[in-house]
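Input: a single structure, listed below in C-alpha cells.
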Amino acid sequence: MPKAPAGTLYRGREGMWSWVAHRVTGVGIFFFLFVHVLDTALVRVSPEAYNEVIHTYQTPIVGLMEAGLVGAIIFHAFNGIRIILVDFWGKGPRYQRQMLVGVGVLWVVLMVPFLVRHLSHVFGG
Amino acid sequence: MTATSIAAPRSPRRMRSRTNTELYAWLFMRISGVLLLVLVFGHLFVNLMVGEGINALDFAFVAGKWASPFWQIWDLLMLWLAMIHGTNGLRTIINDYAERDMLRMWLKVGLYTATAITIVLGTLVIFTFDPCPAEAAAHLLPSFCPAP
Chain Y
1 MPKAPAGTLY
11 RGREGMWSWV
21 AHRVTGVGIF
31 FFLFVHVLDT
41 ALVRVSPEAY
51 NEVIHTYQTP
61 IVGLMEAGLV
71 GAIIFHAFNG
81 IRIILVDFWG
91 KGPRYQRQML
101 VGVGVLWVVL
111 MVPFLVRHLS
121 HVFGG
Chain Z
1 MTATSIAAPR
11 SPRRMRSRTN
21 TELYAWLFMR
31 ISGVLLLVLV
41 FGHLFVNLMV
51 GEGINALDFA
61 FVAGKWASPF
71 WQIWDLLMLW
81 LAMIHGTNGL
91 RTIINDYAER
101 DMLRMWLKVG
111 LYTATAITIV
121 LGTLVIFTFD
131 PCPAEAAAHL
141 LPSFCPAP
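Those protein sequence lines, which keep their order, are chains Y and Z. Position 64 of the first sequence, counted from 1, bears residue number 64 in the UniProt record's numbering, the numbering being contiguous throughout. Position 62 of the second sequence, counted from 1, bears residue number 62 in the UniProt record's numbering, the numbering being contiguous throughout.
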C-alpha cells in the first residue's frame, strides 16, 4: 500500500547524492564481481574456454563498460575513505563537502591516465 | 490518510538483540574497505595498465600470475574481502528497501547462497588450478610448462 507523503530524511545536496552514488556504484561493482569470479573460474575448464570469454572483454563495447567499471571503483574507493574520515576524524563532518571535492579531483587524476592507456589498448588493437 | 511519522533516530525500536553484530559489520566495512582499495587498485594496475593491458590477458597470463603464492594470496584475500564487503552492503540495501518481512528474508537467503557458492568456487579455482593441463594445446600455455 502506498504511504502518505510524509516528512523525509533525505536532505539533498552533496551529502545525500554522494550516498546515493556510493550505493549505486557499490551494487554495480558487486554484480560485476559475481560475473568476474565466474569468468575466471573458466581457467579450470580449459585454456580455450577462458581465452574465448576473455576475448569478449577486449572488444570495444565491453572495453567501454570496463572504463565505466573502473570509474565506479575509483569513486567508491575514495568516497569510502571520505566516509571513514567523516566517522573517525574529529573535523570530518565539517569538511565532508571539501572532501567530496577531493574525491572528484583524485577521480580525474586517476581516470585520465587510465582512460588514455586503456582506450588505446581497446581501440588501438 | 494519516501521515507516517519518522521516529527520532535514537528511539529504541524493539529490545530484541543485545549483540554488537551491527557494530562489527560497520567496522568490517571500514577495515576491509581500506584493504580493498590497495588490493583492487594493485589488481587493476597490474592487469590493465602494465604492458599490453587488457590485450595481454589470457590463460597463460593467469597461469603466470598464480605460479606465485604472492598473487594467489592477493587474489584470495581480494575474493573473500570483496565478497563479504559487497554482501554486507547489499544486506544493508535489502534491509532498507524491502519492507515485507518474507520478501526481505528470501532476498537475503538468495544473497547469502550466491555469496557462499561464489566464495567456495573462487577459492577452489585458486587452489586447484593446473597451469599446464595435459590435453591443452602447447601455444596456449605459459612458457614454464614442460614440452609435451
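We treat Cβ as the ideally placed atom computed from N, Cα and C, and that holds for glycine.
Per the coordinates, the alpha-carbon of ASN95/Z lies some 46 Å from the alpha-carbon of PRO142/Z. Contact annotation: ILE73/Y and ILE29/Y have beta-carbon atoms nearer than 8 Å.
For the pair ALA136/Z and PRO60/Y, the CB atoms are not nearer than the 8 Å cut-off. With fewer than 16 neighbouring CB atoms inside 10 Å of its own CB, ALA7/Z falls in the exposed class.
The C-beta of TYR10/Y has fewer than 16 other C-beta atoms within 10 Å across all chains shown, which makes the residue exposed.
In this structure the segment 43 to 57 of chain Z touches the segment 98 to 117 of chain Y; the number of beta carbon pairs closer than 8 Å is three or more. GLU52/Z carries a coil assignment under DSSP once its states are collapsed to helix, strand and coil. Here PHE70/Z is exposed, its C-beta having fewer than 16 other C-beta atoms within 10 Å. DSSP places GLN98/Y in the helix class (H, G or I) of the three-state scheme.
Closest in alpha carbon position to ASN51/Y, among MET49/Z, ALA56/Z, GLU52/Z, is ALA56/Z. Looking only at GLY12/Y, PHE88/Y, GLY63/Y, the smallest Cα-Cα distance to VAL122/Y is reached by GLY63/Y. Between ARG23/Y and ILE93/Z, the beta carbon gap of about 6 Å places them in contact (Cβ cut-off 8 Å). When 9 Å is used as the limit between beta carbons, ARG30/Z is near these residues of chain Y: GLY80, ILE83, ILE84, ASP87, PHE88, in chain order. What THR40/Y touches in chain Z, judged by beta-carbon distance under 8 Å, is VAL62, GLY122, VAL125, going in chain order.
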